[in-house]
Amino acid sequence: MAPYMQHAALAGTAIAVAAGLIGYFLVLRSQVFTTDALGHVTYTGAMSGLAFAFNPLVGLFAATVAVAGGFAVLGRRARADDVLIGSTFAWVLGLGAFFQGLYTEHHSTGGNGRAGATYLFGSIFGISATQAVVSVLICAAACIAMALIARPLLFASLDEAVAVARGVPVRLLGAGFLIVVGVACAQAAQAVGALLLLGLISAPAGAAHRLTTRPFVGLVLAAAIAVFSTWAGLLISYEVPRTPPSFAIIGVATLSYLMTFMWRPGARTRRPPLDRHHAEPALLPDI
Amino acid sequence: MSLVGSAASSNAAWSWNLLNDVRDMFSYPFMVNAFRGGTIVAIVGAVVGWYMVLRKQTFAGHTLSVAAFPGAAAATLIGISATIGYFTFCIAAALVIAIASRPSRGRGFSAESAVVGTVQAFVLASGYLFATLYNGVLSGLNNQLFGFTFGITDAQVVTLGAVAVLVLGVLAVIGRRLFFASIDTDVADARGVGVRLLGVVFLLVLGAAAAEASQITGALLVFALLVMPAAVAQRVTARPVAGIALAVLIGVVATWGGLTMAYYTSYPSGFCITSFAFAAFIAVHRVRASA
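As they're listed, the protein sequences go chains A and B.
Each residue of the first sequence is one higher than the one before, starting from 1 at the first, in this note's numbering.
Each residue of the second sequence is one higher than the one before, starting from 288 at the first, in this note's numbering.
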């Protein structure tokens, strides 16, 4: 196996596991939009670094974590509403275009159209050995953080009011979760592209939520589907030339999600659904 | 297109003589078309955006607007008009989201955000695939993503106007019921308003509006015209008619201000327009917070 494939497989697997675990909670909390916004903030962060001549990586991490923190502070109960996210996001992108304009004005030699596109579409086949190792370390840290907060976060996501009453620090958990998402986004976006990250967060988690209502089975399932999509996608784009790896990986993930719509398990054998808004179904009389 | 912009800005200077400035700006046909197209899109974006913000479908709106990018890439690949590509992909994406994210009873939380995210990742990846196959790879990509306000042709203005009339006409017909269905879904459903159908129709309208706005501000900056004027208006007033009128006003002013700023500086028009709109958003946020 060529070294670039090894790096892609290593970093891809690490990012897929983290994206699966984080994505499960993002879908449960209806916060996928937040990741989408954070993924694009990485672009502005990197561009600010280029425009003002400091390390783009510093700008990227600083901007992403700052915006994640901002969403946590500004949103009610650490969940920013979608108007706030949308408005910030639109302007941050405009700002990114502005920084890119500044950068290309001073460095008019080449790279004009590329810079904007690279952050979005990434290049998983272009990862260096160092980048792969850093990706693994950061994603491992994100997974450990998720494992530590999984139980209380699940409680806080499913029934916020009761969680508050029981003394679970709901606000702090939401903020901590967003910071983890921000760090993972920053690393994944610059390694494999914001687009691939969004695909690996939403499709496997969406599929897992359709397949099971048990949270811990669902978490494992989401991570497994994400890893499977990554491996299958890498293999496809290795075997079929001219297929971009990000397209192959997202294609497999989307197909997995699509298949869960076809597959309908016997509704009666399932547990009562996780329910945030309605009364406990088991208590209702059977008519 | 930035070439045209910077060439014009190099010999144009802001003189504080407004009449002269405007006359000078409008002596370029590309500026006249930018103002025509921008105004149409600002009006449609503000009206549709008002409902989008009310229904909390901002994420869907963003996804539909990026669907314009694979549309343009696919159209280039098979050699048809980009406008057809824009509208085909945006409306197809709207249908997929409407079908896949319908609420199934008893599931508790809505998986809409997963569906929307997946659709977005998939359409962007397809766009990248088309662009790769076309081999034009990344040269036109920036324009498709960040817009080329100063490259609008007369024919495009006519298309924009026709679609705008269609979108506003549909909204005029369903507006009242859509408002009812968005404010109180359960009661509207009980009163026999076709809530599901209205949701699908609205997503289609949103798709058409997003496809339209994408041509002006670029797929990534379409939000400025969809979300911000509406967000400001809803913070100022809860009355539907006044809110929609205010959103249109803010959208048009931000577009005109942004285009003028882009003309007199060398900054990208998308950045200028979003900055004006975001300034209004922050100002209202501050005033409301201190009040």
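Just so it is clear, CB atoms sit at the ideal spot from N, CA and C, and this is done for glycine as well.
Values in this document were obtained by computation on a predicted structure and should not be read as measured data.
- B:T524 sits in coil when the DSSP states are folded into three classes, being neither helix nor strand.
- Annotated as distal: B:L512 and B:I327, with beta-carbon spacing of 8 Å or more.
- The residue among B:G358, B:S368, B:S388 and B:V383 with its C-alpha nearest the C-alpha of A:V27 is B:S388.
- If you look at B:F356, you'll find it in the alpha helix (DSSP H) that goes A355 to I365.
- Setting aside the 5 residues that flank it on each side, A:Y24 is surrounded in the same chain by A205, A208, G218, L219 and A222, each with a C-beta closer than 7 Å to its C-beta; the list follows chain order.
- Here the alpha carbon of A:A51 sits roughly 6 Å from the alpha carbon of A:L102.
- Within a 10 Å sphere around the beta-carbon of A:Q6 sit fewer than 16 other beta-carbons, which makes this residue exposed.
- For B:I439, the three-state secondary structure derived from DSSP is coil.
- In terms of Cα proximity to B:A459, the closest of B:V528, B:D476, B:V402 and B:T524 is B:V528.
- Spatial neighbours of B:A354 in its own chain (CB-CB distance under 6 Å, excluding positions within 5 residues in sequence) are listed in chain order as F376, C377, A380 and V410.
- Annotation: B:V509 is outside any alpha helix (DSSP H) and is labelled neither H nor E by DSSP.
- The beta-carbon separation of B:A534 and B:A525, rounded to 13 Å, does not stay under the 8 Å limit for a contact.
- When the beta-carbon positions are compared, A:L120 and A:T44 stay at least 8 Å from each other.
- Under the criterion of beta carbons closer than 8 Å, A:A68 and B:V514 do not qualify as touching, at roughly 20 Å.
- At the C-beta level, A:F33 and B:T345 come within 8 Å of one another.
- In the structure shown, A:F52 falls within a coil segment according to DSSP collapsed to helix, strand and coil.
- For A:I201, the closest Cβ of chain B is nearer than 8 Å.
- With 16 or more other Cβ atoms inside 10 Å of its own Cβ, A:T230 counts as buried.
- For the segment 402-414 of chain B, the set of residues with a beta-carbon nearer than 8 Å to any beta-carbon of chain A comprises V402, V403, G404, T405, Q407, A408, F409, L411, A412 and S413, in chain order.
- Judged by their CB atoms, A:I15 and A:A132 are not nearer to each other than the 8 Å cut-off.
- For the segment 453-466 of chain B, the set of positions with a beta-carbon nearer than 7 Å to some beta-carbon of chain A is empty.
- Between A:P244 and B:Y421, the C-beta gap is not smaller than 8 Å, which leaves the two residues out of contact.
- In its chain, beyond the 5 residues on either side, V492 have a beta carbon closer than 6 Å to the beta carbon of B:V457.
- Inclusion of B:A401 and A:G199 in the CB contact set at 8 Å is not warranted, their separation being larger than that value.
- Taking the beta carbon of B:S562 as reference, the chain A residues within 9 Å of it are W91, G94, L95 and F98, listed in sequence order.
- Close partners of B:V514 in chain A (Cβ separation under 7 Å): V83, G86, S87 and A90.
- Proximity of chain A to B:G557 at the Cβ level (cut-off 7 Å) is accounted for by G94 and A97, in chain order.
- Under the 8 Å criterion on CB atoms, B:F489 is classed as non-interfacial with respect to chain A.
- B:F510 has a beta carbon lying within less than 8 Å of a beta carbon in chain A.
- Counting of Cβ neighbours within 10 angstroms places B:G479 among the exposed residues, the total staying below 16.
- Neighbours of A:H209 across chain B, judged by C-beta separation under 8 Å: A398 and A401.
- For A:F33, the residues of chain B that pass the 9 Å Cβ criterion are T345, F346, H349, S400, V403 and G404, in the order they occur in the chain.
- No Cβ of chain B is located within less than 8 Å of the beta carbon of A:T64.
- Listed along the chain, the chain A residues whose CB falls inside 8 Å of the CB of B:A387 are F261.
- Neighbours of B:L305 across chain A, judged by C-beta separation under 7 Å, do not exist; the nearest C-beta is about 25 Å away.
- Considering only beta carbons, the part of the segment 321-340 of chain B lying closer than 8 Å to chain A consists of V340, in chain order.
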